[in-house]
Amino acid sequence: MTTERIMLGLLLLGVAYGCGVVLWPFLSAILWGAILTFTTWPLFKRLRRHMRPSLAAVVMMVGSAIAIVMPLALLTSTGIADLPLIIGGINTEIEALGRTHPTPSWLASLPAFGPQLSNAYLHWSHDVRGLGEALHPYAGQIARYALKALMQMASGLAELVMALFIALFFWISGDSLGRVIKAVLTRITGTYADRLITIIGGVIRGTVYGILGTAIVQGVLTSIGLFISGVPAPVLLGGVAAFVAVFPVGAPLVWAPAAIWLALHHHLGWGLFLAGYGIVFISGADHIIRPAFIARGAQLPYLLTVLGVLGGVVTLGGLGIFLGPVLLGVGYTLTTEFARGAYQTEKKLVQ
Numbered sequence: 008m009t010t011e012r013i014m015l016g017l018l019l020l021g022v023a024y025g026c027g028v029v030l031w032p033f034l035s036a037i038l039w040g041a042i043l044t045f046t047t048w049p050l051f052k053r054l055r056r057h058m059r060p061s062l063a064a065v066v067m068m069v070g071s072a073i074a075i076v077m078p079l080a081l082l083t084s085t086g087i088a089d090l091p092l093i094i095g096g097i098n099t100e101i102e103a104l105g106r107t108h109p110t111p112s113w114l115a116s117l118p119a120f121g122p123q124l125s126n127a128y129l130h131w132s133h134d135v136r137g138l139g140e141a142l143h144p145y146a147g148q149i150a151r152y153a154l155k156a157l158m159q160m161a162s163g164l165a166e167l168v169m170a171l172f173i174a175l176f177f178w179i180s181g182d183s184l185g186r187v188i189k190a191v192l193t194r195i196t197g198t199y200a201d202r203l204i205t206i207i208g209g210v211i212r213g214t215v216y217g218i219l220g221t222a223i224v225q226g227v228l229t230s231i232g233l234f235i236s237g238v239p240a241p242v243l244l245g246g247v248a249a250f251v252a253v254f255p256v257g258a259p260l261v262w263a264p265a266a267i268w269l270a271l272h273h274h275l276g277w278g279l280f281l282a283g284y285g286i287v288f289i290s291g292a293d294h295i296i297r298p299a300f301i302a303r304g305a306q307l308p309y310l311l312t313v314l315g316v317l318g319g320v321v322t323l324g325g326l327g328i329f330l331g332p333v334l335l336g337v338g339y340t341l342t343t344e345f346a347r348g349a350y351q352t353e354k355k356l357v358q
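Under the numbering used here, the first residue of the sequence shown carries the number 8, and numbering increases by one thereafter.
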């Protein structure tokens, strides 16, 4: 009997390994599809009440394509079309930094602090000139990095299309898959399976909604602020802001240089406006929306969110933006639940 169990175990391990080898090339798309299906499952259940499940799944797939794939495709195509203009602008700005900027006449005429401000501006102008001369040899390299990022975004679109195709079948077969997962967890954890599923589901939805919702809102707010301030290509830069907003302190990497650019081009008022707008509205959204969504699923410390995003990107690429915080959130919540259960058990024994 023992030999038979060992052979059965080895056979199952071999089959599992073979399945892993076959599915490994599609692992990223499968996980993307699973996250998309799980986070949109409540909406799918509402649609399913009014139409057949297969038709509801098709509607979800088309809607997700319109909401996710089309904006990314538009952003990529716009970036590729504007790439020569962007490269020319980078070269122009770096060359402008390399030139000496004369001190404004009105600055020296200011009462009390005019001479000091004029001297400070002169020193600052020389520092900026040195920065421009240092950056000039790297202008081509910066352009190549920009092109490489756009190409990676284009390749990611193909992966998203595959993920949508996989998500279609997850939506159709979601109930049966859920029953299988629940049965497996019940075999492992017993009656605790229902609470475990509820906890994990809340953490996943809260984390994904928090990261994605914050990124979208910050991208839209950045586009509005750049458009009002007169910065070129506000839609493209807003899309970039939405992309980098998934990282901690990401959106300021877009609007802060834009505010500095306005100030350097003698639009100090608009530069100050954009800086204030970015601090109050764009960065404010990060401190309101993200915690509000994540708190629905779990009280995940901000440090774990930061480490989850950065570590996830390093180890898993683009998928890690969501999967990293989700894994850390689930692990943190399960650890907290385990500690709470152990504490309650110890308290009962003492009583």
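Every residue gets a Cβ at the ideal spot worked out from N, C-alpha and C, and that includes glycine.
Buried or exposed by the 16-neighbour rule on C-beta atoms within 10 Å, applied to ARG59: exposed
Three-state secondary structure (DSSP) of LEU18: helix
Residue span of the alpha helix (DSSP H) that contains MET67, given as start and end: 60-71
Counted within 10 angstroms of its Cβ, other Cβ atoms place ASP293 as buried (16 or more) or exposed: Taking every protein chain shown into account, the CB of ASP293 has 16 or more other CB atoms within 10 angstroms, so this residue is buried.
For ALA170, the three-state DSSP class (helix, strand or coil): helix
Spatially closest choice to PRO332 from VAL191, ILE218 and LEU175, by CA coordinates: Comparing alpha carbon positions, the residue from VAL191, ILE218 and LEU175 closest to PRO332 is ILE218.
Boundaries (first-last residue) of the alpha helix (DSSP H) holding ILE42: 34-46
Endpoints, the alpha helix (DSSP H) within which PHE234 is located: 200-236
Between the CA atoms of ALA41 and ILE173 - distance to the nearest angstrom: 8 Å
Cutoff 8 Å; reference HIS272; Cβ partners in own chain excluding five residues on either side: none
Backbone CA spacing between LEU244 and PRO259 [nearest angstrom]: 12 Å
Run of the alpha helix (DSSP H) containing ARG194, from where it starts to where it stops: 181-196
With 16 other Cβ atoms within 10 Å as the buried cut-off, status of ILE13: exposed
Secondary structure of PHE288, DSSP reduced to three states: helix
Residue nearest to ILE237 in terms of C-alpha spacing, selected from ALA265, GLY220, ARG202 and VAL320: Looking at the sequence itself, residue 237 is Gly, so the reference to Ile does not match. When each option's Cα is compared against that of GLY237, the closest is ALA265.
Cβ-Cβ separation, ILE328 to GLY319 (assumed contact under 8 Å), whole Å: 6 Å
Rounded separation between GLN225 and LEU15 - CA only: 53 Å
Three or more C-beta pairs below 8 Å linking the segment 182-190 and the segment 65-72: no
Best match in PRO32, LEU233 and LEU175 for proximity to ALA72 [C-alpha to C-alpha]: LEU175
Cut-off 8 Å between Cβ atoms - residues of its own chain near GLY285, not counting five sequence neighbours on either side: THR229, GLY232, ALA258, PRO259, TRP262, ALA263 and ALA266
Under 8 Å between C-beta atoms of THR221 and ILE296: With contacts defined as CB atoms closer than 8 Å, THR221 and ILE296 qualify as a contacting pair.
Closest by C-alpha distance to THR312, when choosing among ARG347, THR214, THR47 and PRO32: THR214
Opening and closing residue of the alpha helix (DSSP H) in which PRO308 lies: Per DSSP, PRO308 belongs to no alpha helix (DSSP H) and is neither H nor E.
Nearest-angstrom Cβ-Cβ length linking VAL210 and VAL76, presumed shorter than 8 Å: Rounded, the Cβ-Cβ distance is 26 Å, inconsistent with contact.
Top-ranked residue by Cα proximity to LEU334, from THR44, LEU314 and ALA346: LEU314
Which listed residue (ILE223, TRP268 and VAL227) has its alpha carbon closest to that of PRO239: It is TRP268 whose Cα lies nearest to the Cα of PRO239.
Within 8 Å, strictly: CB atoms of THR46 and TYR216: yes
PHE51 and ALA63 closer than 8 Å at C-beta: yes
GLY197 to LEU203 span [Cα, whole Å]: 10 Å
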